[in-house]
Each structure stands twice: as C-alpha cells, then as structure tokens.
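Comments concern the structure below.
Residue numbers (the UniProt record's numbering): 1 to 498.
Laid out in structure tokens, this is it:
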C-alpha cells in the first residue's frame with residue numbers, strides 16, 4: 001500500500017509499506033527473532049505444530065491496530081486495521097492449507113463488516129475463472145465468493161506456484177478486494193525473477209490510497225531504563241474497574257491500563273538528536289572495515305593431482321586474488337594436498353614449547369602433585385589438540401603417533417617414569433593416575449560427543465551430513481574412513497530411537 005497516490009518509485013517498491021507472509025514455519029519464540037526487520041513492526045500467528053503460520057510486517061510510521069473479531073473462525077488468519085482519511089482499511093493475511101475447506105462464511109463476514117479491505121495469501125483454491133489450470137472444491141467456493149459477494153481478484157493470469165522438475169505451474173497465491181476498489185489498483189506483479197528457494201513466487205500490488213502516518217521523531221519515547229516498576233505495579237493494582245467479558249473489549253481494556261501505567265511511572269526520553277563526535281577519517285576507517293580486505297583474502301584449490309597447475313581468475317573489487325597452497329582458517333592450518341603435514345608440524349611446534357614448561361615444573365624441587373601437573377597438561381597442550389579434533393580425526397596412524405609422542409613425553413615427566421618404559425605400562429599409568437586417554441581414544445570421544453549433541457539439537461548441517469553418510473556409505477566397505485565412521489554407534493542408536 002503506497003502512502004501517496006501513484007507513488008511507484010523504485011525505493012518504495014523495494015521497501016513496501018506492508019508485507020503479508022504465509023507458511024512462516026516458526027514458533028512464537030522464533031518469530032521474535034526471525035521477524036525482527038529494521039523499520040518494520042511485525043505481528044505473527046504461528047502454528048502450534050510444524051509448518052503453516054501467518055504474519056504481517058508493517059512499516060514504522062503507519063498507524064494501525066489489530067482486529068481480533070475474526071479469530072472465532074480458528075483459521076490461520078491475521079487482520080490489521082489501517083486508518084485512512086475517510087474510513088478504516090482492513091488487511092488480511094490468510095493461509096488456507098490444501099486439506100482444509102475454504103470458508104464462505106469468513107468472506108461473507110468480511111464483506112459485511114469491511115467496506116475497504118484486501119485479502120492476501122495462499123488460498124489453495126483452483127478455478128478456471130481466475131486462470132487456473134486445474135479445479136478443486138475450494139475453487140468452487142472461491143467462485144461463489146467472487147460472484148455473490150462482489151469481490152474481485154487482483155491477480156492477472158501469471159502463475160504463482162511452480163514445481164520445476166514436473167513443469168507444473170498454477171495460480172494459488174491471490175489478492176482479493178471489493179470490486180469498488182479495483183480502480184485504486186495501480187500495479188500487480190508476480191516476482192518470478194527473485195532467487196528464492198520456495199516453490200511459491202512472491203506477489204506484489206500497489207494501491208493508491210492515503211493513510212495516516214505518525215511523526216516518529218516528534219513522538220515521545222519512554223525511557224524504560226529509568227522506569228519505576230514498583231509504581232507501575234501499584235498503578236495497575238489500584239485499578240478496580242470490572243474487566244469486560246467481550247474478548248475485543250478485554251484486549252482494549254488491558255492494553256489501555258498498561259499504557260496508562262507506563263506513562264505515569266516512566267520518564268520520557270529527550271527527542272534531541274546529537275551529531276556523531278567521531279572525526280570523519282575515523283568514521284571512514286570503520287566503514288572500510290566492513291568491506292572485504294584484498295590483502296587478507298586468498299583462495300586454495302584442494303586436489304590430489306600433481307600433473308597440472310590449476311589457477312582460477314578470481315577477483316574482488318577488480319583485483320586478482322592470490323592462490324596459496326597453505327592457509328590458516330579459524331586457527332586450523334590446511335594444505336592443498338590434504339596431507340595435514342603443515343598442521344601436524346605446527347601442532348608439534350606449539351605443543352613442544354609448552355611441554356618444556358611441564359618438564360620444568362615436574363622437577364622434584366617444585367613438589368607439585370601429579371594431578372596438578374596433569375591438569376596443567378590438559379590446559380596447555382590438551383586444549384590445542386581438542387580444538388583441532390575435527391581435522392585430527394582424519395589423520396593417518398603415522399601422524400597420530402607423532403602427537404602421541406608428545407603426550408608420552410609429558411606422562412614420563414609428570415609420573416617420573418624411565419624413558420624406556422613400555423608403551424602398555426605408560427598408557428595404563430596415564431589412565432589410572434592422570435585420567436589421560438590415548439590421542440586416538442580422546443579424538444573418538446570428542447567426535448561422539450560432537451555428533452550426539454548435533455543430532456540431539458537438530459543441527460541442520462550435521463543432520464544432512466549424517467543422512468548422506470547413512471545413505472551412501474553405510475551399505476558398503478569404506479576405503480577412506482571419514483570422521484562419521486567413528487561415530488557409527490551413536491548415529492545408529494539415534495535413528496533407531498526416532
């Protein structure tokens with residue numbers, strides 16, 4: 001809905017006044033996060049179970065109120081009332097699932113109560129009267145609405161729903177409005193060029209109606225950081241008026257009392273605007289940091305081939321990116337051949353420098369208990385290995401032994417064991433006295449813990465990887481085991497429970 005007549009500028013089309021959302025597929029808690037858009041207020045009505053749900057986004061400055069008089073139909077429906085110059089304008093976001101019959105009574109009530117309105121949403125109603133390819137029961141009901149209630153469809157013949165792999169197209173998402181308002185429609189478009197993952201195309205319409213706006217700058221704002229909450233509670237408790245029984249009147253009664261109590265117990269903020277005190281050059285540097293740095297950017301090609309040199313012509317801001325054979329990402333070093341040799345060399349260097357400290361503190365003169373030294377090892381060296389566990393899970397036995405040498409050296413120093421102590425005795429002493437696992441067992445434990453936590457909390461990426469693993473690798477012998485191979489029991493037990 002446009003604020004001014006025939007306002008069709010690009011800015012307004014890219015930033016619509018009102019958005020109607022269907023099938024938001026989030027709960028009431030998630031809606032507070034995912035529907036928090038800059039310069040918009042959101043009203044949501046999520047479904048109790050998975051899927052469905054509707055929402056409306058309204059640009060700041062548009063004066064509106066929520067109308068709950070249609071809630072008795074128990075539909076996925078939201079209604080807001082916009083204040084026009086001459087009369088109220090009602091906007092409905094309606095989602096009618098495919099297995100639910102469209103209610104003629106709803107449209108009848110809307111037509112009787114609302115002089116000016118627009119209904120937008122996925123009605124799942126197919127009728128050839130509006131250009132659909134197929135027909136269904138809801139389409140017959142929609143025909144009754146259009147023919148008997150003097151309601152018109154704003155859409156043209158453009159499809160709003162598609163299944164590309166079947167080459168199936170249909171008109172499901174509609175805008176409905178009284179026939180008397182058709183002359184106010186200045187534009188309609190199906191946004192089929194948008195790159196969206198949904199099988200529904202967004203639709204857009206423009207109306208030349210003039211609504212009231214609020215001056216957000218001049219509007220007084222309450223400073224809730226300085227609110228007197230004891231006074232707020234006392235004011236609410238002192239109200240002795242009998243609450244009304246009608247649900248709409250009760251809603252207005254509660255809202256009015258809360259706002260009045262907030263006005264009396266909360267000081268107002270100053271409307272003065274202050275200019276930034278940052279110098280212009282510093283502000284420019286801050287803005288520059290938001291851009292990608294060419295000096296800090298590079299690319300790597302992972303390949304086992306040694307025959308030909310691959311290079312890509314990658315550019316940012318017109319400058320070529322450099323190719324590197326080794327990079328460090330989030331503290332972990334990768335090499336293009338996936339040998340992990342640079343990673344192992346770096347880990348050995350970091351761990352050996354800290355191992356010297358443990359050897360010094362293991363001297364009898366310090367008189368430190370072996371448990372204290374064991375905890376020191378876990379903090380200084382164990383933490384480094386634990387952080388890299390996702391990469392270390394794919395290491396060869398040779399590389400694992402290189403890291404195990406560091407742990408064995410630390411155990412000998414802490415427990416005062418001879419340098420020629422057999423490995424079996426060394427592992428037994430480390431397990432009993434220091435609660436140390438071997439490197440392989442520790443990596444296995446961390447992998448199981450990570451996968452179990454990801455599956456329990458339904459992490460999308462991990463769920464997808466695990467399902468691909470079960471589908472592709474579970475039924476055959478694996479020459480090159482992946483980290484998920486070590487967690488087979490966790491994966492199998494999780495899916496057997498579900």
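Don't be surprised by glycine CBs; every beta carbon is placed ideally from N, CA and C. Predicted model, so just to flag it, every value in this text is computed and none were measured.
Here the alpha carbons of residue 232 and residue 261 stand approximately 6 Å from one another.
Taking C-beta separations shorter than 8 Å and ignoring five residues to either side along the sequence, the partners of residue 406 in its chain run 348, 351, 352, 355 and 381, following chain order. Taking 3 residues as the shortest admissible run, the region 370-439 contains no complete beta strand (DSSP E) segment at all.
Annotation for residue 342: the continuous alpha helix (DSSP H) segment containing it runs 341-361.
Closest option to residue 293, judged by alpha-carbon separation, among 315, 416 and 135: 315.
Spatial neighbours of residue 373 in its own chain (CB-CB distance under 7 Å, excluding positions within 5 residues in sequence) are listed in chain order as 358, 361, 362 and 414.
Pairing residue 53 with residue 139, the inter-Cα distance amounts to about 22 Å.
Non-local beta-carbon contacts of residue 395 in its own chain, meaning distances under 6 Å to residues more than five positions away in sequence, involve 340 in chain order. In the DSSP assignment, residue 58 falls within the beta strand (DSSP E) that extends over 54-59.
The residues 22, 95, 172 and 173, in chain order, have a CB closer than 6 Å to that of residue 122 in the same chain once the five nearest residues on each side in sequence are set aside. Taking the Cα positions, residue 206 is about 46 Å away from residue 456. Partner residues in the beta bridge of residue 177, as assigned by DSSP, are 152. Secondary structure note for residue 204: it is in no alpha helix (DSSP H), and the uninterrupted beta strand (DSSP E) holding it is 203-207.
Sixteen is the threshold: since fewer than 16 other Cβ atoms of the shown chains lie within 10 Å of the Cβ of residue 301, the residue is exposed. For residue 104, the three-state secondary structure derived from DSSP is helix.
The way I'd put it, the region 382-389 doesn't touch the region 311-327; fewer than three beta-carbon pairs between them come closer than 8 Å. DSSP, reduced to helix, strand and coil, places residue 186 within a strand of the structure shown.
Linking residue 322 to residue 15 through their CA atoms gives a straight-line distance of about 38 Å. DSSP places residue 122 within a strand segment (E or B) once states are collapsed to three. Going by DSSP, residue 30 is part of the alpha helix (DSSP H) stretching over 28-34.
Residue 179 is positioned such that its CB atom lies no closer than 8 Å to that of residue 147.
Shown here, residue 94 sits in a strand according to DSSP, grouped into three states. The three-state secondary structure of residue 451, taken from DSSP, is helix. Residue 255 sits exposed, since fewer than 16 C-beta atoms from the chains shown fall within 10 Å of its C-beta. Annotated three-state conformation of residue 85 is coil, per DSSP. In terms of Cα proximity to residue 191, the closest of 158, 184, 170 and 181 is 158. Secondary-structure assignment with DSSP links residue 22 through a beta bridge to 54. In the structure shown, residue 466 adopts helical secondary structure according to DSSP, grouped into three states. Residue 189 and residue 313 have their C-alpha atoms spaced approximately 38 Å apart. With a contact defined as Cβ atoms closer than 8 Å, residue 25 and residue 51 qualify at about 5 Å. Under the three-state reduction of DSSP, residue 42 is assigned to strand. Counting along the chain, the unbroken alpha helix (DSSP H) around residue 233 starts and ends at 229-237. Taking 8 Å as the cut-off, the beta carbon of residue 74 is found no closer than this to the beta carbon of residue 102.
For residue 423, same chain residues with a beta-carbon under 8 Å away, outside a window of 5 residues either side, are 408 in chain order. Taking residue 104 as the centre and dropping the five residues before and after it, the same chain places the C-beta of 141, 144 and 145 closer than 8 Å to its C-beta, in chain order. With a beta-carbon spacing of about 6 Å, residue 248 and residue 69 fall inside the 8 Å limit used to define contacts.
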